[in-house]
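Residue numbers (the working numbering): 1322 to 1555. What follows is one structure encoded as structure tokens, with my remarks underneath.
Written out as structure tokens, the structure is:
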């Protein structure tokens, strides 16, 4: 079995600020009977071992396709200096012990990625633990980001957040290079989606805006989508 620090994947986005945010994520597979222990080990460690300026988040991969086999994702995010400092640190015996203990309870790793956060829209100060994720293959980065910005400015997310960014390493043969996240407060909101509660007139206006976005975002192909649930954040 691969060691913890090299056996994980997917992507995550956490605290958004004015400075550019970098992230690294690892995904892994845990059998149901080991989930509680894996959470406890991670929670115990990061409650007392924190890197200044780095946010750590653990998600469960809830709704996903049959080939998207990872059950959990752990992500690290912060400024370039903060994240670089975390990787430069040795971690010592406590980090080595965490890896050894997790290795007994993690069935396998599923990969690893890194990238940046580009933009976020909506109530970024709110708490949105349920996230629908979309992993994309974007041909024209400038067109996609401009169209995404215009759409979410004209149709500002209410009661949710929308965040987009890129993937700079850990790309699969599918060629994914961007991602988008839509954060919701609960499952009801996530199931209802962006158009739940809109009037017929509001829905028509949003649909027209989305049509314009699709026409002007360049060649965008969705590689994967799903929904994940935040289990903890440190």
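The beta carbon of each residue, even a glycine, is placed where N, CA and C say it ideally should be.
Hey, out of the options, whose CA is closest to residue i's CA?
{"i": "residue 1374", "options": "1355, 1505 and 1400", "result": "1400"}
{"i": "residue 1449", "options": "1552, 1344 and 1342", "result": "1552"}
{"i": "residue 1388", "options": "1423, 1350, 1417 and 1425", "result": "1350"}
{"i": "residue 1396", "options": "1405, 1385, 1380 and 1390", "result": "1380"}
{"i": "residue 1490", "options": "1517, 1475, 1433 and 1545", "result": "1433"}
{"i": "residue 1538", "options": "1494, 1527, 1550 and 1471", "result": "1471"}
{"i": "residue 1465", "options": "1416, 1545, 1394 and 1531", "result": "1531"}
{"i": "residue 1540", "options": "1497, 1473 and 1342", "result": "1497"}
{"i": "residue 1402", "options": "1499, 1504 and 1343", "result": "1343"}
{"i": "residue 1499", "options": "1393, 1422 and 1542", "result": "1542"}
{"i": "residue 1474", "options": "1463, 1513 and 1443", "result": "1443"}
Would you decide whether residue i is buried or exposed? Buried here means 16 or more other CB atoms lie within 10 Å of its CB.
{"i": "residue 1301", "result": "Past the boundaries of the shown model lies residue 1301; the chain is included only from 1322 to 1555, so the question cannot be answered."}
{"i": "residue 1366", "result": "buried"}
{"i": "residue 1508", "result": "exposed"}
{"i": "residue 1451", "result": "buried"}
{"i": "residue 1408", "result": "exposed"}
{"i": "residue 1520", "result": "exposed"}
{"i": "residue 1345", "result": "buried"}
{"i": "residue 1436", "result": "buried"}
{"i": "residue 1482", "result": "buried"}
{"i": "residue 1501", "result": "buried"}
{"i": "residue 1427", "result": "buried"}
{"i": "residue 1518", "result": "exposed"}
{"i": "residue 1398", "result": "buried"}
Can you give me the start and stop residues for the alpha helix (DSSP H) that residue i sits inside?
{"i": "residue 1566", "result": "Residue 1566 lies beyond the range of the chain shown here (1322 to 1555); nothing can be said about it."}
{"i": "residue 1509", "result": "1508-1513"}
{"i": "residue 1439", "result": "Not the alpha helix (DSSP H): residue 1439 falls in the beta strand (DSSP E), residues 1429-1443."}
Which same chain residues, not among the five before or five after residue i, have their C-beta less than 8 angstroms away from its C-beta?
{"i": "residue 1410", "result": "1372"}
{"i": "residue 1383", "result": "1547, 1548, 1549 and 1550"}
On the three-state DSSP scale, how would you describe residue i?
{"i": "residue 1487", "result": "strand"}
{"i": "residue 1554", "result": "strand"}
{"i": "residue 1532", "result": "helix"}
{"i": "residue 1336", "result": "Residue placement at residue 1336 is poorly supported in this model, since its pLDDT is 37, which falls under 50; the coordinates still yield a value, given next. Coil at residue 1336, not helix or strand."}
{"i": "residue 1538", "result": "coil"}
{"i": "residue 1449", "result": "coil"}
{"i": "residue 1420", "result": "helix"}
{"i": "residue 1410", "result": "coil"}
{"i": "residue 1402", "result": "helix"}
{"i": "residue 1521", "result": "helix"}
{"i": "residue 1526", "result": "helix"}
{"i": "residue 1387", "result": "coil"}
Counting along the chain, where does the beta strand (DSSP E) carrying residue i start and finish?
{"i": "residue 1382", "result": "1375-1384"}
{"i": "residue 1473", "result": "Not the beta strand (DSSP E): residue 1473 falls in the alpha helix (DSSP H), residues 1462-1475."}
{"i": "residue 1394", "result": "1393-1399"}
{"i": "residue 1480", "result": "Careful: residue 1480 lies outside any beta strand (DSSP E) and carries neither H nor E."}
Can you list, in chain order, the residues of its chain with a C-beta nearer than 6 angstroms to that of residue i? Leave out the 5 residues immediately preceding and following it.
{"i": "residue 1555", "result": "1367 and 1377"}
Spatial neighbours of residue i within its chain, please: CB distance less than 7 angstroms, with the 5 preceding and 5 following residues excluded, ordered by chain position.
{"i": "residue 1544", "result": "1456, 1457, 1458, 1495 and 1497"}
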